[in-house]
Every structure is written in C-alpha cells, then in structure tokens.
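**Student:** Be aware that the sequence shown starts at 20, since it is given in this note's numbering, and climbs by one per residue.
For each residue, glycine too, the CB sits at the ideal point set by N, CA and C.
These numbers were taken from a predicted model, which means no experiment stands behind them.
Quick one: this structure, given as structure tokens, is what I'll be asking you about.
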Amino acid sequence: MCVESTPPPSARLTRRGVLAASAALAGTATAFAAGASPASAASGGAARRSENPGRSGDLVVEGGALLDPATGDVVEDAVVVIQGGVVRAAGRRGRVDVPKDAPRLDAQGSWVLPGLVDSHIHINTVAEARSALRQGATTARSGSTNFYQDIAVRELARQAPELAPRLRAAGVFVSPDLGDTILGDPDLTALARLKGGVVSAAALRRVVEVNVARGADVIKTRSNPRAGLAEQDPLEQVYTYEQLSEIVSTAKKHGKGVLCHSYSEQGCHDAVTAGIRSLEHGAFVGERTLHEMRRRGTYFTPTIGAIAGMIGDKDPVLDERGRTYTPLLKKAALAAHQMGVPVVSGTDSSGGTVEPIGGEIELMHSAGFSPLDAIRTATVNAAKLLGLSDTVGRLARGFAGDLILVSGDPLADLSVLKTPTRVVHSGIAV
C-alpha cells in the first residue's frame with residue numbers, strides 16, 4: 020500500500036494547534052503558581068503569553084568559583100549578572116558592574132558552572148521535566164515521545180522556565196512499528212493499514228512530514244531494535260541504508276537533522292553514511308565508522324549510564340547485555356573522543372525516572388575522558404550539536420542565564436555535578 024495519495028499535513032495549522040495547547044498548559048501552570056483561578060488562566064492567560072513569549076529573570080550570582088568549560092579557566096570570587104534571562108556580564112568581583120537593585124544569589128563556597136545539557140532524554144510529563152531541570156539539565160534534546168509531549172514541554176519551558184529545561188523536540192520515533200503512537204496525530208492513522216509497518220519510502224516520508232508539521236526540531240529513527248527489551252535483538256537490522264537515507268533526505272528538505280538509535284556496527288555505519296546528525300548508543304561501532312563520523316562531523320551520544328543500568332537486572336538477558344555492552348561502549352566513546360569525533364552526554368532517561376546528567380559526565384570520566392573534557396560533553400559539545408553554541412554551554416555575555424551551583428570543585432570530583440545545590444534557568448532560581 021502507498022500512503023502518498025493522501026496529501027502531507029499542513030504545517031501551519033497543525034503546528035498552530037500544538038503551540039496553542041502547550042501555551043495554554045504553560046499559562047495555566049504559571050497562573051496557578053501566582054494564585055490565579057483556573058478559569059481566569061484558561062480565559063486569557065494563554066493568549067496574553069503567546070504575544071509575550073515566555074518569562075525570564077534578573078539575578079546576580081556572586082562569590083563562587085566560575086568555571087568556563089570552553090577554556091578551562093576558573094575565576095575565583097566571581098560575579099554573574101543576568102538581566103532578562105541573559106548573561107550581561109561575568110567575571111571577578113570588582114571588575115563587573117552590578118545593578119544595585121537586582122536580586123542576589125550567594126554562591127560563596129560553591130562552584131558555578133553553566134547549566135548542563137542532556138542530549139538524549141525522553142520527557143513525557145511535567146514532573147519529569149521538572150526533575151531533569153532540578154538535577155542540572157537546563158537544556159535537553161528529546162529522544163522522542165509517544166504522543167508529542169516533548170513539543171508541549173518545549174513550549175512550557177519557553178513560557179515557564181522554572182518548570183522545564185530548554186528543549187529540542189524530536190516528536191515521535193520513525194520506527195517500523197509505531198504501536199499506539201499511530202494515535203498521536205490523525206495524519207498518522209493511514210499508516211495503520213500497512214501490513215509491513217512503516218518501511219516503504221512513502222511511509223517513511225509521511226512520519227517525517229507529520230513530525231515536521233507538529234513542530235519537531237529534530238527527527239529520531241533507528242537502525243536496530245532496543246537493547247533494554249529482552250525479547251528484542253539489538254543487533255538485528257530494522258532499517259537499511261536506503262531507508263535511513265530516505266528519512267535523512269526528507270528531514271534535510273525541512274532543515275532538520277536526524278538522530279539514530281543504533282547498536283550493531285553495520286547499523287551504525289549505514290546510519291552515519293546515510294547522513295545522520297548524531298549516533299545514539301553505538302555499543303558496537305567500529306573504527307571504519309568512527310573515521311567516517313570524524314570526516315562528516317557526526318556526533319556520538321553513547322548513553323553509557325542507560326546501558327550500565329541494565330547490570331543487575333532480574334532478567335538475565337538484560338543483565339548480560341549490560342555487563343557486555345558497558346565496557347565496549349566506554350571503549351568506543353574514548354576511541355571516538357581521541358579520534359576527534361564530537362562526543363556528547365545523554366542519560367536516555369525514560370519511564371518516569373530521570374537520571375542526573377552529572378552521572379553521565381562522571382561515566383565519561385570513568386571511560387578515560389579528562390574531567391574537563393567530560394564536562395564539555397554536557398556543555399560546549401552538546402551546545403554545538405543542538406545548534407545552540409552561542410546560547411548555552413558557557414556563562415559569558417549574551418549567553419542564556421542558565422547555571423548550576425555545586426558544592427565542590429568538579430575538576431577534582433565530578434560526582435558533585437549529580438546533586439547541584441542550586442539551579443538557575445533563564446535567570447530564574449529553580
């Protein structure tokens with residue numbers, strides 16, 4: 020069966036509906052926090068907020084040791100001035116002009132870092148968004164959701180930054196079996212009639228187009244099944260080079276990059292040569308593929324913590340996978356880094372439990388990264404992957420007012436990044 024007979028969905032109308040609904044969610048949440056009634060929030064709050072895209076704060080953070088991940092420089096007794104959610108100045112106390120009436124946050128005795136970036140996370144609820152933010156991930160990239168929740172979370176973060184991290188949304192997974200995701204958008208329902216699932220060029224284009232219409236920032240697909248499901252073989256090939264190329268080319272027409280869930284060397288190689296933006300997981304990625312990634316500038320998101328998390332599982336298949344894949348993945352991540360492939364951190368958190376991105380940074384160090392290079396995987400490297408290198412990953416003039424305070428020197432003990440003492444997003448202390 021071919022689905023091309025149905026015209027592609029209207030990006031303007033579909034996206035408008037999504038943004039209006041998510042703005043209403045954000046407006047209602049913020050209004051409740053301010054003491055407004057549900058009726059008043061629903062009647063006027065969303066409309067007003069859509070005209071004024073989001074809130075931001077003014078804050079002066081003073082007294083801590085400021086680390087710049089880009090250079091490795093540390094400024095003692097530093098001051099960071101945030102106005103309108105944007106860093107206006109950062110440097111040593113006495114060398115920075117501080118607004119007299121600005122709110123203060125005392126960082127004395129703490130280390131100050133830019134907010135961290137989780138480059139692979141599945142956020143489905145407000146509670147998960149808030150948990151990721153409070154654990155230091157002020158920016159994130161979605162690894163897909165079942166029903167476009169990530170697009171609404173992205174808009175929630177814009178309207179109420181104290182509730183969610185800045186997010187690059189992936190929409191729904193381009194996968195052979197969409198399962199209940201077929202109900203995520205009326206324009207996907209025609210695909211339910213396909214006996215072989217989403218495998219034809221027309222069907223692949225359709226899912227990408229619906230994602231784009233919904234407002235997805237990136238497209239997520241796969242070359243292999245999941246490692247975390249014992250009944251699936253993560254080394255089986257589910258999409259070929261030709262199918263992956265169709266996904267990438269369709270996404271590229273709309274200005275979108277593709278992240279690809281892969282495990283086997285063949286799956287990794289097919290995905291990379293098809294032109295993906297980033298390789299996810301990649302436990303068995305080989306040297307030939309790493310060379311190709313370096314040549315193309317393909318990013319690597321190994322999600323070490325998600326794989327290591329299978330160790331000790333009550334299912335012996337998953338336990339064995341965790342024990343086998345984890346050392347291979349650490350070796351692959353370090354080899355990629357040493358070869359010049361840009362490596363980024365992602366927790367692959369899902370299912371209601373959000374792991375701290377600081378834990379993934381710590382695992383990068385255990386794989387052989389220096390402490391500073393490990394921090395870069397969740398700051399400057401990740402910012403480049405997300406197309407936000409002028410916005411996040413550093414605390415310098417013009418960057419977003421996102422930062423974390425930690426209790427000790429992360430260059431000496433990366434574990435402090437797992438439990439920030441304070442988090443600031445867009446100038447608002449969370």
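For Arg296 and Gly274, which I take to be in contact (beta-carbon distance under 8 Å), what is that distance rounded to the nearest angstrom?
**Tutor:** Not a contact, Cβ separation roughly 12 Å.
**Student:** With a threshold of 16 other CB atoms inside 10 Å of the CB of Val385, please say whether the residue is buried or exposed.
**Tutor:** Checking the sequence shown, residue 385 turns out to be Ser, not Val. Exposed is the call here.
**Student:** Going by the beta-carbon positions, is the gap between Gly203 and Asn143 smaller than 8 Å?
**Tutor:** It is not a contact, given that the beta carbons lie outside the stated cut-off.
**Student:** With a CB to CB cut of under 7 Å and the five nearest residues on each side skipped, what residues in its chain are close to Asn230?
**Tutor:** The residues are Gly190, Val191 and Ile238.
**Student:** What residue does the beta strand (DSSP E) around His139 start on, and which one ends it?
**Tutor:** Segment Leu135 to Ile140, the beta strand (DSSP E) holding His139.
**Student:** Hey, how far is the Cα of Leu254 from the Cα of Val100?
**Tutor:** If I take the Cα positions, the gap works out to 50 Å.
**Student:** Examine the Cβ distances between the region 353 to 365 and the region 410 to 430 and report whether three or more of them are shorter than 8 Å.
**Tutor:** No contact exists between the region 353 to 365 and the region 410 to 430.
**Student:** Report yes or no: do three or more beta-carbon pairs, one from the region 258 to 269 and one from the region 329 to 343, lie closer than 8 Å?
**Tutor:** Cβ pair count under 8 Å is below three, so no.
**Student:** Classify Asp409 as buried or exposed, calling it buried when 16 or more other Cβ atoms lie within 10 Å of its own Cβ.
**Tutor:** Exposed, by the Cβ-count rule.
**Student:** Ignoring anything shorter than 3 residues, give me the beta strand (DSSP E) runs that lie fully in the region 226 to 278, in order along the chain.
**Tutor:** Segments of the beta strand (DSSP E) lying fully in the region 226 to 278: 238 to 241.
**Student:** According to DSSP, is Leu430 part of a helix, a strand, or is it coil?
**Tutor:** Correct three-state label for Leu430: coil.
**Student:** Within the region 368 to 415, note down every full beta strand (DSSP E) run reaching 3 residues or more, in order along the chain.
**Tutor:** Segments of the beta strand (DSSP E) lying fully in the region 368 to 415: there are none.
**Student:** Determine the burial state of Ala58: buried for a count of at least 16 other Cβ atoms within 10 Å of its Cβ, exposed for fewer.
**Tutor:** For Ala58, the pLDDT reaches just 31, beneath the cut-off of 50, and the residue's location in the model is therefore unreliable, although a value from the coordinates is still provided. Exposed, by the Cβ-count rule.
**Student:** Nearest to Tyr260 by CA position, among Ile376, Lys272 and Cys279, is which residue?
**Tutor:** Here the closest residue by C-alpha is Cys279.
**Student:** Among residues of its own chain, excluding the 5 on either side of Ile447, which ones have a beta-carbon nearer than 6 Å to its beta-carbon?
**Tutor:** So the qualifying residues of the chain are Gly76, Pro180 and Glu181.
**Student:** Contact defined as beta carbons within less than 8 Å: I believe Thr366 pairs with Ala302. What is the distance between those atoms, to the nearest angstrom?
**Tutor:** No, Thr366 and Ala302 are not in contact; Cβ-Cβ is about 16 Å, not under 8 Å.
**Student:** Please confirm whether Leu391 and Pro88 have their CB atoms less than 8 Å apart.
**Tutor:** For Leu391 and Pro88, yes; Cβs fall inside 8 Å.
**Student:** Give me whichever residues DSSP pairs with Phe319 in a beta bridge.
**Tutor:** DSSP lists Leu298 and Val362 as partners of Phe319.
**Student:** Glu181 by DSSP, collapsed to three states: which one?
**Tutor:** The answer is coil: DSSP assigns Glu181 none of H, G, I, E or B.
**Student:** Can you tell me which of Val131, Arg153 and Val304 puts its alpha carbon nearest to the alpha carbon of Cys287?
**Tutor:** Of Val131, Arg153 and Val304, the residue nearest in Cα terms is Val304.
**Student:** Keeping to the same chain, check which residues put their C-beta closer than 7 Å to that of Ala220; ignore five residues upstream and five downstream.
**Tutor:** The residues are Glu265.
**Student:** Please determine if the region 96 to 116 and the region 371 to 378 are in contact, where contact requires at least 3 C-beta pairs separated by less than 8 Å.
**Tutor:** Contact between the region 96 to 116 and the region 371 to 378 is absent, because fewer than three Cβ pairs lie under 8 Å.
**Student:** Go ahead and label Glu381 buried or exposed: buried means 16 or more other beta carbons lie within 10 angstroms of its beta carbon, across all protein chains shown.
**Tutor:** So Glu381 counts as buried.
**Student:** What does DSSP give as the partner residue(s) for Arg111 in the beta ladder?
**Tutor:** Partner(s): Ala97.
**Student:** So for Gln285, helix, strand or coil by DSSP?
**Tutor:** Gln285: helix per DSSP, three-state reduction.
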